[in-house]
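Residue numbers (our numbering): 74 to 447.
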């Protein structure tokens with residue numbers, strides 16, 4: 074299950090709701106003018122299409138209309154900055170003065186995903202079988218031939234991944250190097266498996282409720298032109314998907330640009346100021362409640378075809394939506410039993426503040442290159 078994108082999205086094209094904003098009447102007038110400019114552009118393009126002019130002349134006219142339209146929305150950016158962004162700066166002057174990197178920010182309330190405290194750095198190694206087999210067999214074979222205690226290696230977790238592989242997570246790069254060295258010394262493993270450190274990815278964000286009429290080129294161009302911190306950014310559109318209102322776009326960007334914008338609330342894009350947040354691909358199985366796979370790929374024999382596990386109370390036989398029991402996280406409960414931990418269990422297995430979910434989020438962040446030197 075991909076990470077839910079439940080942020081409340083504002084589409085006010087003028088700015089924020091701080092005291093320095095325009096009055097409601099002024100806002101309405103500006104919005105009406107913007108809508109009129111958009112309608113005029115559409116009308117002009119329609120006339121050009123039926124003008125009978127050859128394609129070359131039509132293209133030149135459309136280009137001129139597009140340039141005029143661009144001037145209009147660039148003026149809107151100045152209005153947003155004057156009436157919205159500047160008031161934001163006034164109300165958060167101390168925050169600007171004491172600006173810190175995203176990864177060092179302190180988590181607060183519902184903005185936890187945006188400004189959470191720095192995650193503890195983690196290190197991973199991936200092992201894939203050279204022949205076709207499932208991840209459970211890979212894990213069993215590796216664990217039977219390598220003893221972490223004998224080589225003084227600390228292991229945080231071992232997760233099943235695609236293609237019969239496993240991902241081993243440790244607290245230090247030294248632990249990873251010891252594992253790799255021991256692996257290479259064991260001929261039966263070296264001959265049958267491939268081991269490597271996973272490639273780190275650039276950070277990415279998800280921008281909510283983008284106008285679905287905008288093309289990929291327009292989205293990327295608009296972000297760079299309308300947002301000062303993205304003017305020199307290296308942006309790449311990973312994907313987009315339709316939502317109830319518009320589209321959500323997933324955009325990857327370079328580390329410096331990510332650090333500049335991630336603590337902000339909104340980004341300018343054409344006529345709107347849109348909510349966004351860091352994009353983290355947290356997948357949870359509806360069948361067993363664990364992370365890292367979806368229900369159709371679940372291999373847990375405890376939850377056979379037709380059986381239902383409630384993510385709210387952890388009992389079988391009913392869905393979350395039909396549950397009348399008190400919340401009881403089955404993931405934290407199992408972790409407490411296995412590792413003698415004392416995680417709270419009075420929450421659902423899909424709760425964003427669940428300790429097991431937080432571990433999964435940290436694992437996802439460990440695969441991202443934030444460009445921060447230790």
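All C-beta atoms in this analysis are idealised placements derived from N, C-alpha and C, irrespective of residue type, glycine included. Predicted model, so just to flag it, every value in this text is computed and none were measured.
| Query | Result |
| --- | --- |
| The beta strand (DSSP E) enclosing residue 243, as first and last residue numbers | 239–243 |
| Nearest-angstrom Cβ-Cβ length linking residue 279 and residue 320, presumed shorter than 8 angstroms | Contact flag wrong, Cβ pair sits at about 11 angstroms. |
| Residue 320 Cβ short of 6 angstroms to the ligand GDP heavy atom set | With respect to the ligand GDP, the structure offers nothing, as it holds no ligand at all. |
| Pairwise C-alpha distance: residue 326 and residue 135 | 31 angstroms |
| Cβ neighbours of residue 433 in the same chain (closer than 7 angstroms, five flanking residues each side left out) | 355, 364 |
| Proximity below 7 angstroms, CB of residue 196 to CB of residue 243 | yes |
| Residue 302 beta carbon less than 7 angstroms from that of residue 333 | yes |
| Inter-residue spacing [alpha-carbon to alpha-carbon] between residue 263 and residue 415 | 39 angstroms |
| Other residues of its chain near residue 245: CB distance less than 8 angstroms, five sequence neighbours each side excluded | 196, 227 |
| CA nearest to the CA of residue 422, picked from 440, 442, 392, 436 | 392 |
| 7 angstroms CB neighbourhood of residue 371 in its chain, flanking five on each side removed | 358, 360, 361 |
| Whether residue 287 touches residue 308 by CB criterion (7 angstroms) | no |
| Top-ranked residue by Cα proximity to residue 110, from 139, 310, 318, 443 | 139 |
| Runs of alpha helix (DSSP H) wholly within the stretch 315–400 (minimum 4 residues, chain order) | 328–334 |
| Buried/exposed call for residue 335, threshold 16 Cβ in 10 Å | buried |
| Cβ separation of residue 208 and residue 239, assumed to be a contact under 8 angstroms, to the nearest whole Å | 6 angstroms |
| Nearest-angstrom Cα separation, counted from residue 271 out to residue 250 | 13 angstroms |
| Other residues of its chain near residue 255: CB distance less than 7 angstroms, five sequence neighbours each side excluded | 219, 224 |
| Option in 277, 212, 124 with minimal Cα separation from residue 472 | Lying outside 74 to 447, the shown extent of the chain, residue 472 is not represented and no answer is given. |
| Given residue 331 as reference, the closest of 300, 386, 222, 418 once Cα atoms are compared | 300 |
| Distance, residue 388 Cα to residue 171 Cα | Caution is warranted here: a pLDDT of 38 is assigned to residue 171, below 50, making its placement in the model unreliable, and the coordinate value is therefore given only provisionally. Their backbone Cα atoms lie some 48 angstroms apart in a straight line. |
| Cross-strand partners of residue 308 (DSSP beta bridge) | 326 |
| DSSP-derived helix/strand/coil call for residue 200 | strand |
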